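S.K.:
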Amino acid sequence: MDQWEHEGVVREWTRIIPEGGKSSGNDGHPRYIGTNGMTTVAKHLSQDLDIHLNTRIKTISSSGGFWSAKSINGQEFNSNHLILTAPVPQSLSLLRAGKFSLPEDELNILKNIQYYPCIAVLVLLNSSSKIPTPGGIKPKNGPIQWLADNTQKGISP
């Protein structure tokens, strides 16, 4: 994070997140934000990468230390490294299709991962929010887990 701060990719936002409307105090844990919004870090990480959007991979294989990924459209991508970031069921499906096996204990851990629904909403208010400084709050009760005010964070109008 120090390097990204120095490069201007991120900046520290806060070390205080109010819970249930009350400040939890400085917990010493820094929270960072992209200096130009939510995509700053992703853009920085991908600046030297060849990115293919809207491309569904059908199979992966490995040979001689190189990886190959084939899309459903027949495109083939080759690289020295492969990172699977798809949800676990899709990643396991790709591994099975490529005839890759994982140790049983690791496979069991991955198979037992559960996903829960999440709804994220981004709105532009007509006036200031009532979210306390520094612009984030964790409500104590109810279905909402987190609220943030990006204007207070300095990354939105």
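Converting from the sequence shown to my numbering requires adding 142 to each position, the first position being numbered 1.
Glycine included, C-beta positions come from ideal geometry on N, C-alpha and C.
On a predicted model such as this, the values are computed, not experimentally measured, just so you know.
#1: Could you give the distance in angstroms between the alpha-carbon of Leu289 and the alpha-carbon of Ile214?
#2: Comparing alpha-carbon positions, which option in Pro231, Gly216, Pro245, Thr201 lies nearest Leu224?
#3: Taking only three categories from DSSP, how would you classify Ser205?
#4: Smallest Cα separation from Asn292: which of Val230, Val265, Asn283?
#5: What beta strand (DSSP E) runs, 3 residues minimum, are completely inside the stretch 209-251?
#6: Kindly confirm or deny that the stretch 146-155 and the stretch 169-180 touch, where touching means at least three C-beta pairs closer than 8 Å.
#7: Under a Cβ-count criterion, where at least 16 other Cβ atoms within 10 Å of its own Cβ denotes burial, should Gly278 be classed as buried or exposed?
#8: Rounded to whole angstroms, what is the Cα-Cα separation between Gln287 and Ile273?
#9: By a C-beta neighbour count over all protein chains shown, 10 Å radius and 16 as the cutoff for buried, is Ala184 buried or exposed?
#10: Answer with buried or exposed for Ala228, where buried requires no fewer than 16 other C-beta atoms within 10 angstroms of its C-beta.
#11: Can you round the beta-carbon distance between Pro276 and Gln294 to whole angstroms, since I take them to be within the 8 Å contact cut?
#12: At what residues does the alpha helix (DSSP H) containing Glu149 begin and finish?
#13: Using three-state DSSP, classify Lys282 as helix, strand or coil.
M.R.: Quick look at the numbers:
#1: 39 Å
#2: Thr201
#3: strand
#4: Val265
#5: 218-221
#6: yes
#7: buried
#8: 14 Å
#9: exposed
#10: exposed
#11: 6 Å
#12: 144-149
#13: coil
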